[in-house]
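Right, one structure below, let's go through it.
6 protein chains.
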Amino acid sequence: MIPSQPLDRLLWMALEEDLGHGDATTEAVISSDATGRAIVVGREDFVLSGSYPFQRVFQLLEPSTLVASRFADGRRIPAGVPVFEIEGRLPVILSGERVALNLLQRLSGIATLTRRMVDALAGTSCQLLDTRKTTPLWRRLERQAVLHGGGHNHRFSLSDGVLIKDNHIASAGGVWSAIERARSAAPHTLRIEIEVDNLEQLREVLEIGVDVILLDNFAPEMLVEAVTICQKRALLEASGGITLENIRSIAETGVDFISSGALTHSARAVDITLEVYPQG
Amino acid sequence: MIPSQPLDRLLWMALEEDLGHGDATTEAVISSDATGRAIVVGREDFVLSGSYPFQRVFQLLEPSTLVASRFADGRRIPAGVPVFEIEGRLPVILSGERVALNLLQRLSGIATLTRRMVDALAGTSCQLLDTRKTTPLWRRLERQAVLHGGGHNHRFSLSDGVLIKDNHIASAGGVWSAIERARSAAPHTLRIEIEVDNLEQLREVLEIGVDVILLDNFAPEMLVEAVTICQKRALLEASGGITLENIRSIAETGVDFISSGALTHSARAVDITLEVYPQG
Amino acid sequence: MIPSQPLDRLLWMALEEDLGHGDATTEAVISSDATGRAIVVGREDFVLSGSYPFQRVFQLLEPSTLVASRFADGRRIPAGVPVFEIEGRLPVILSGERVALNLLQRLSGIATLTRRMVDALAGTSCQLLDTRKTTPLWRRLERQAVLHGGGHNHRFSLSDGVLIKDNHIASAGGVWSAIERARSAAPHTLRIEIEVDNLEQLREVLEIGVDVILLDNFAPEMLVEAVTICQKRALLEASGGITLENIRSIAETGVDFISSGALTHSARAVDITLEVYPQG
Amino acid sequence: MIPSQPLDRLLWMALEEDLGHGDATTEAVISSDATGRAIVVGREDFVLSGSYPFQRVFQLLEPSTLVASRFADGRRIPAGVPVFEIEGRLPVILSGERVALNLLQRLSGIATLTRRMVDALAGTSCQLLDTRKTTPLWRRLERQAVLHGGGHNHRFSLSDGVLIKDNHIASAGGVWSAIERARSAAPHTLRIEIEVDNLEQLREVLEIGVDVILLDNFAPEMLVEAVTICQKRALLEASGGITLENIRSIAETGVDFISSGALTHSARAVDITLEVYPQG
Amino acid sequence: MIPSQPLDRLLWMALEEDLGHGDATTEAVISSDATGRAIVVGREDFVLSGSYPFQRVFQLLEPSTLVASRFADGRRIPAGVPVFEIEGRLPVILSGERVALNLLQRLSGIATLTRRMVDALAGTSCQLLDTRKTTPLWRRLERQAVLHGGGHNHRFSLSDGVLIKDNHIASAGGVWSAIERARSAAPHTLRIEIEVDNLEQLREVLEIGVDVILLDNFAPEMLVEAVTICQKRALLEASGGITLENIRSIAETGVDFISSGALTHSARAVDITLEVYPQG
Amino acid sequence: MIPSQPLDRLLWMALEEDLGHGDATTEAVISSDATGRAIVVGREDFVLSGSYPFQRVFQLLEPSTLVASRFADGRRIPAGVPVFEIEGRLPVILSGERVALNLLQRLSGIATLTRRMVDALAGTSCQLLDTRKTTPLWRRLERQAVLHGGGHNHRFSLSDGVLIKDNHIASAGGVWSAIERARSAAPHTLRIEIEVDNLEQLREVLEIGVDVILLDNFAPEMLVEAVTICQKRALLEASGGITLENIRSIAETGVDFISSGALTHSARAVDITLEVYPQG
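Chains as they are written, first to last, in this note's numbering: chain X, 1 to 280; chain W, 281 to 560; chain B, 561 to 840; chain A, 841 to 1120; chain Z, 1121 to 1400; chain Y, 1401 to 1680.
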């Protein structure tokens, strides 16, 4: 259960950003009571994400607007297939178009990229994870897009996971002291994960005992060795330089998770278009 | 002059998103009064944008944090050259890192892509414009990133420009009626721009008289013809499918502006890293 | 299309301002489930504006309140004619009365004054414009009141029009430099308007070329000369000291627009009253 | 002690309303680091009010802006005398000018009108009161303007005073029942005031016993009689149709207070101007 | 009439506090479309308060949730008797449970303690009052809980009552000067109350004349004397160290009011539980 | 690192709640530029918590107010020992007093109760935990109060811990299915905790495997048995009916944690007073 109000607040802010004090073109050119339909279609194949915010934008502008969705988020949509059909006042449709599409294109872009990566993992037991490298203020939606693409979510915020990175280790004065402090001071409801840069560090943290180990920028052969050393004493997560090309070979080393920032910070927007059909 | 408070509000919201109720790792692992320095470095060449929000994030968390910036926004920064140096409490630096970097990487990505496109236009009189295909809530910063990359800005919102698109024309019942209505009802402080899809439409709108014409998805040879037909009676803007490969040939047709949504919706984030050096 | 939420936010704030933590009188004196009707009547002739915020105030307090409106905004209403009829819980009607009337009286005052001025222009082609001299936070509603009175709107904010005033000219180092800078740096979607104080300046700016010229505090005979000099090379706007007495002679000089700050900053509130009829 | 943050919030909202996403003219025409001075002068005699919000607007935009105030609120300022001197970046001065002046002109208008009314009461013991007929959201400032003009404040909101009006009496089923309910249910910290329309009602409420009586639309001779009947058993407040012409004769009837809605809803804005002197 | 929006805003904030970015347990463990019922029962006898916010929490999360209330606020509820029955999606019920119960338990705790105190006053004419020692941000609801328990409310905020305490007297330079200033500067709609610490001060303020006198920490025999001295010239309020044991003897001294901070700052939460019955 | 802005927002809201549109008493009675000191003293022994919000309240009202703190949070303070000394304008001190004290009294009450409970655990290895039964909107401060009293924190919100309670088990269709779903769907950064009501359930969940087990309302002898059965295969937390009397015997059973809702929902406010010393 997620409160709806924080998302509504963001969508209102986005609408105010894009509409300013009103839509000068639509107000001048189109009768305020003109009605019609609009069809939303992708110009390329994609995986759908963002249906809820897409629909919500129009309903915030005018609750009576109908936005019919033909597919569930997570579905693969071929180019040219109508995804949404909107019915209502034309000024509402035209003024909400850009905000609604901006979100849909970005979120579907993330879902589509994630899907490609996840497909490359087919048959392995490795899970693809997102990171905190998301667009500020849109993390909740972008994480859902990752789920829609078949991926899994890492921690949402700094509050709901302990992940000791190299900067923390340096600040804490070493691996041993960092883990000890985490054990005694972090809430007992959180697992403890630590980043290691080489096999020696890996052995050290396994000795001390942690729940999850992040292997940062390990070459595949080193990952193989890491899996052997670990012997299931901790979960293993690989990160750094993940691409569509190398992701399968990384997964085949036996790591439990692969995490990729590019899923959210560099996915290309899907080309989706909205066409209006005035009534009568 | 832009009020600072709306940006601060967004940055606070982004910090709350990423910090939740607190940074579980840093609070457990690092002494709350530990101090140190951090260096921010790109792992690839890039054009800098986002210095202000990058610095502001740390200063909102703790006003006494020093963030020294070595370059102005818009500068090309070679890989490996330190861009910022931060000095302050380590918990502040570590807890603010992700939000600050997420913004810096994205904005510098936009500036870098824009710079490449603008460089391709060197020697022509054509200007590169952004669009409203920006990340919701971050339009102001993304438009500045386009300026930092050497581009220019199109209208900010639906309020500060009249742009009659195909959907408006369809809804208004044709080009003639759309332009007439815009002329009589839009504020006299706004120019009137209209989108045309072919040369016939171009001739029609020139006849009626408008200030700017958007030539959507015109092939270069059609653009040449459009420029000839237009005879400076209106400003011409080309859009649709702009790439690093074709942008120069489009500019050489003689159009006044080229606009590209990809500048903001699909720029790849620059790989920038922050390394901490604890004190003493 | 204008997002409704910003107005709702203002109305809630106005209600909180007027109600504080509750209506001490009504809560003490009137049974919380008492119902009834109220009639809203002007004590003088007026032009109606503010119907939407008037109704919305009561519906925010209690969505089931019925507010029937008998006339459209912009209509002339004779004294004594009922304009609204409200039906609902008496505590809602009594607690919302003041905020709703405060807005209605002010907005109708603006529409009424505007209507008088516009009537004085009957038969000329000159348009009456508002200015940015509006009540802070209520600009959108006050501009609509000007439309309801038959006037037109100037730019809404500093973002959606370029208007180079004497202070800008002084700061820019002269007319020529100011216009040049505006041309090269302002968005291509905005017209360029400049204020001139005498005929010499007028000739200068016409030479350089601008879209609109604001003739500030020109006597009627000078306006006549200005129109002759201009020869339709730019739109002309007259401002300064506009009154019901002189507005027609100014319009007859042939200027395109007359703008008046008094429309919004000094209109007298219309005397409108709300009378309650308890049920049963 | 009044919290500063609610006012700052209103001023930021007013700035966002007027600046939109930025000041297109100033940004294009004036160098962002140009500095200078500005002088603020009235074009007519007036009583000053609004110094704090006037100054605060510029300081919110840029804390380093200096706004020197030469007179205290409440002072009479002759036409042509400089009231404020501002020093800072020109873009700050030019972008903040309109919001700052809109407030100053309105508030000084209220103080000026109040002063005139209060002067007419000189030598009587009667106090001039404002009402709740203020501009929504600006009540606090407008009430202070009334104080600056020498007037006094009635209750701020529906929470801090019991005032039983004709609509309440009708809803409560009569004067007696209304007063009884108020006595038993209203907080013991509030006085009880009731509106009467004629002398008979006056006698009735005096019999029952209240703290203050509002004599609505009583002719002067009736007021004289009311004062005689009352014999100091309650405070008396006269309201309805108060003008500069009749206010003294009303005061001389011996009522304790005169309240006037026109003070705040229909005061004319003072004509005040800001002139910029660029540096160097 | 109280605007609903401020309470909704607090409830949303409370939900965001408790839900963070989502309910990790419920989302993982329970199907998002599972439905069911829940019964809310006290494990001890109590007086009900907080029905509205209890219901509203679930309806904000999902408007279609049904929350049937079997008793009105203010009713005594025996242990084990179902108070509310909820029907809806299980994730809504489980995610809203804690916030809804936290409010209900606290408010019912206040009503229950108040009821006990008020019962002890049975047969006297003395009223039990709350104070401003409430939980910050929840004052409105806590004051209603006092009403539900049979108590009365003192002033809500510093704005709606004049209460001159020892610190004010010290700052004003004595009782006489404090009262004089209050009389001439406080709004005429507010009564004037003053705190006295001994009988001498009581005589002094009665001489000067005030509306209400707060007798702070007077022993019962001194209260008796105070009542005799006062002779109904002012209302009398006793405060300080009020307990269930001594409240009746204090009331029997003849004071008009007894006020107690403990009602709101130290009431024990009632033990109330919510049990879920999944459907099918 | 915790962002300061969310707390400031709550404190401003609390100030607006208590000040309304201004402090009628202080404004009338005390000169606005009167200065002085105030001393804050407890009337009973207590453990200090809430120093930061106490100080912040005065600094928000006026940044130049000095609030000197003599002790760190967590210290035991004997009755009568000055804890804070405030210096500044008297109106600031008097208007901020109630909000500042309301927070300090409540938070110190929580710290004091926690300290007593923790002292009772001395010599055992058992930790005392808080719960989510906190005052809505003040959870962050109340959890810190628990730390100041020597306790530890359970999860902050529903986002940062998986805790499967009886209602979840019922909804999920049994223990086995609930744990399986949690394992596969909850983020890998969170431990999994489950509530059991008897020893049979305990054996079942140990078989399936979880990280933490909540033993709800187990009698001490059953807890002993539970510890024996568990054999360190999971962490054990006891809850339900914890009192100062029984807490030690519960801890001595060998459970790892004891959690108590009463720490936050039913702690009695400490009696703390602020005395003003006007200057000169």
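Ideal placement from N, C-alpha and C gives every residue a C-beta, glycine not left out.
Here the structure is a predicted model, which is why all the values come from computation and not from measurement.
Alpha-carbon to alpha-carbon, residue j and residue i
| i | j | result |
| --- | --- | --- |
| residue 585 of chain B | residue 1051 of chain A | 14 Å |
| residue 968 of chain A | residue 1417 of chain Y | 29 Å |
| residue 526 of chain W | residue 427 of chain W | 21 Å |
| residue 224 of chain X | residue 382 of chain W | 31 Å |
| residue 522 of chain W | residue 249 of chain X | 35 Å |
| residue 1193 of chain Z | residue 1275 of chain Z | 22 Å |
| residue 1319 of chain Z | residue 1300 of chain Z | 20 Å |
| residue 846 of chain A | residue 124 of chain X | 58 Å |
| residue 1000 of chain A | residue 1427 of chain Y | 15 Å |
| residue 599 of chain B | residue 832 of chain B | 10 Å |
| residue 1427 of chain Z | residue 1311 of chain Z | Residue numbering for chain Z in the displayed model covers 1121 to 1400; residue 1427 of chain Z lies beyond these limits and cannot be assessed. |
CB contact flag (residue i, residue j, <8 Å)
| i | j | result |
| --- | --- | --- |
| residue 1487 of chain Y | residue 1437 of chain Y | yes |
| residue 1265 of chain Z | residue 1241 of chain Z | no |
| residue 278 of chain X | residue 34 of chain X | yes |
| residue 350 of chain W | residue 362 of chain W | yes |
| residue 1289 of chain Z | residue 1298 of chain Z | yes |
| residue 465 of chain W | residue 486 of chain W | no |
| residue 113 of chain X | residue 77 of chain X | no |
Coil, strand or helix - residue i by DSSP
| i | result |
| --- | --- |
| residue 414 of chain W | coil |
| residue 1613 of chain Y | strand |
| residue 127 of chain X | strand |
| residue 1674 of chain Y | strand |
| residue 1365 of chain Z | coil |
| residue 1375 of chain Z | coil |
| residue 799 of chain B | strand |
| residue 468 of chain W | coil |
| residue 421 of chain W | helix |
Member of the options whose CA lies at the smallest distance from the CA of residue i
| i | options | result |
| --- | --- | --- |
| residue 1213 of chain Z | Z/1308, Z/1263, Z/1179 | Z/1179 |
| residue 1542 of chain Y | Y/1601, Y/1481, Y/1665, Y/1405 | Y/1665 |
| residue 474 of chain W | W/454, W/468, W/431 | W/454 |
| residue 617 of chain B | B/724, B/657, B/782, B/670 | B/657 |
| residue 1411 of chain Y | Z/1235, Z/1255, Z/1209 | Z/1255 |
| residue 524 of chain W | W/517, W/351, W/512, W/538 | W/538 |
| residue 800 of chain B | B/761, B/757, B/835, B/769 | B/757 |
| residue 299 of chain W | X/162, X/172, X/251, X/221 | X/162 |
| residue 1637 of chain Y | Y/1462, Y/1655, Y/1590, Y/1631 | Y/1655 |
Heavy atom of the ligand MN within 7 Å of residue i beta-carbon
| i | result |
| --- | --- |
| residue 134 of chain X | For the ligand MN, the structure offers nothing, since it holds no ligand at all. |
Sequence ranges, beta strand (DSSP E) only - wholly within the stretch 582 to 668 of chain B, length at least 3:
List check, beta strand (DSSP E) in window: 595 to 602, 626 to 629, 642 to 649.
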